[in-house]
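> 0 is the number of the first residue of the sequence shown in numbering that gives the first Met the number 0; add one for each residue after it.
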Amino acid sequence: MTDFNLRAAKIQFRSLIVVLVVAIIIATGITTGSFVLSFDALREFGRQNMMRADLAWILPAIIDSAIGFSTMAAVALNKITGHSRGRNFFAGLAAVVVFLSVYMNASHAYQAVVEAERKIAAGIDIGITPNAPWVAALTAIIPPALILACTHGLGILIKAIGSAYNEYSAQIRVAASEVDQEEFFEFREQELASTKHSDLAGADTRYFAGVRDDSLDYNAENLQTTELLSSDTRESLADHVEHESDEIPFASSPNALTLDVFLTNADLSDAVKATARMKLADPSLSFEYIGSASSPSVHASTAWRRYDKFESLAHQAGYDVPPLPDVRSDRAKYDEEARASVVGATS
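1) Given P59, which residues of its chain have a CB within under 7 Å of its CB, disregarding the five upstream and five downstream residues?
2) Where does A161 sit, in a helix, a strand or coil, going by DSSP?
3) Decide yes or no for the touch test of the region 136-149 against the region 158-166: beta carbon pairs closer than 8 Å, at least 3 of them.
4) So, helix, strand or coil for R51, using DSSP?
5) Measure the Cβ-Cβ separation of P132 and Y102 and say whether it is below 8 Å.
6) State whether the region 308-320 contacts the region 263-274, with contact taken as three or more CB pairs (one from each stretch) at a distance under 8 Å.
7) How close, in whole Å, do the beta carbons of S83 and P143 come, if the pair is a contact with beta carbons under 8 Å?
8) Report the option in V297, H298, L156 and T274 whose CA atom is closest to the CA atom of P324.
9) On the three-state DSSP scale, how would you describe I125?
10) Relative to the alpha-carbon of G317, which residue among P129, I125, S168 and L258 has its alpha-carbon at the smallest distance?
11) Chain B beta carbons: is any one of them nearer than 8 Å to that of P129?
12) Using three-state DSSP, classify A131 as helix, strand or coil.
13) Once you ignore the five residues that flank A22 on each side, which residues in its own chain have a CB closer than 8 Å to its CB?
14) Select from S293, Q315, T70 and S283 the residue whose C-alpha is nearest the C-alpha of D329.
15) Would you kindly work out how many angstroms separate the C-alpha atoms of Q315 and V97, rounded to a whole number?
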């Protein structure tokens, strides 16, 4: 994580807010004009179908309002996993009401031109020369189409802002964890300086100095000639040197602070580290949220597999719950999904 990435996420989030405000202003004007034109056409269509004149306005109010409602509901549910039935219902409802609005607007315009042509043929001067009926019908479908397009476009922008905010929040949490790590190094160095005559102080000093320099360059000769180390401590560190090829950093006292250092120096991809940092920073976060907050966003099962890689390596290094989060329920859930997918693929 760098300051540049954090600034980029912040700029992206603020830019989308500005775009949304401008889009809302423009879409409000377009939608208002489209609604007025569609409202007049549908009201006349209702009167042509023998509706009472004082109640004919209800027809366009119902149709055009249903377009906006169903479209925004479908877009909102598309952001939430596990709601495909509800999303499909509202998408189907939007398709039906748009079809009705388009048909009624086109039918009204077509019949109006036919009536005008009939009057002209009878010698009545109506003051204008109407277009062909099919041209009038095509023109009349523009207002309901724009109502649908503007509503759907605003929904997409709102979704984009939500994704940008999640990414920005994740960047902030990761940046905060890096700051905490620097404070931890300073605190630990001060603590070791005040207890430098302790047997374990010498070992911890070597460990944390090695981590800060991205190195664990211990060797048996240095261990044997270090006067501050007890024999038990030398044996423990010698065992670590013998198993250094495992590439697992040594944790003299597994806790939340050393776990963060372990994660920083672990041989894992940046995506795995980012997922693990989010889960360690807030164990209550679901893998659905972590997946959506990742850049790029991934499925919850992918976020789980990334975290599982980190946890497996942490277990090998001697870490347990705590400081690791308790993810037994998540493991049972995603293991069951994996088994179900395997069974489905083989059946």
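The beta carbon of each residue, even a glycine, is placed where N, CA and C say it ideally should be.
Judging by the given coordinates:
1) Counting from one through the sequence shown, the residue named residue 59 turns up at place 60. Beyond the five residues adjoining it in sequence on each side, P59 comes within less than 7 Å, by CB distance, of S37, F38, L41 and R42 in the same chain, given in chain order.
2) Position 162 of the sequence shown, counted from the start, is the residue given in the question as residue 161. It should be pointed out that residue 161 corresponds to Gly in this sequence rather than to Ala. If DSSP states are grouped into helix, strand and coil, G161 belongs with the helices.
3) No, they do not touch.
4) Residue numbering aside, residue 51 sits at position 52 when the sequence shown is read from its first letter. Note: R51 maps to coil in three-state DSSP.
5) Your numbering for residue 132 matches position 133 in the sequence shown. Your numbering for residue 102 matches position 103 in the sequence shown. Note that the C-beta distance between P132 and Y102 is not below 8 Å.
6) Under the three-pair Cβ rule at 8 Å, the region 308-320 counts as touching the region 263-274.
7) Taking the sequence shown and counting its residues from 1, one reaches residue 83 at position 84. Taking the sequence shown and counting its residues from 1, one reaches residue 143 at position 144. Actually they are not in contact, since the Cβ atoms of S83 and P143 sit about 26 Å apart, beyond 8 Å.
8) As a position in the sequence shown, residue 324 is number 325, starting the count at 1. Selected option, being the one with the closest Cα: T274.
9) Against the sequence shown, residue 125 aligns to sequence position 126. In the structure shown, I125 falls within a coil segment according to DSSP collapsed to helix, strand and coil.
10) Numbered from its first residue, the sequence shown carries residue 317 at position 318. Looking only at P129, I125, S168 and L258, the smallest Cα-Cα distance to G317 is reached by L258.
11) As a matter of chain content, chain B is missing from the structure shown, which is built from one protein chain.
12) Translated into positions along the sequence shown, residue 131 becomes position 132. In the structure shown, A131 falls within a coil segment according to DSSP collapsed to helix, strand and coil.
13) Here residue 22 is taken as the residue at index 23 of the sequence shown, counted from 1. Only G152, L153 and L156 meet the Cβ criterion.
14) Stepping through the sequence shown from its first residue, residue 329 is reached at position 330. Out of S293, Q315, T70 and S283, S283 has the C-alpha closest to the C-alpha of D329.
15) Stepping through the sequence shown from its first residue, residue 315 is reached at position 316. Stepping through the sequence shown from its first residue, residue 97 is reached at position 98. C-alpha separation (whole angstroms): 59 Å.
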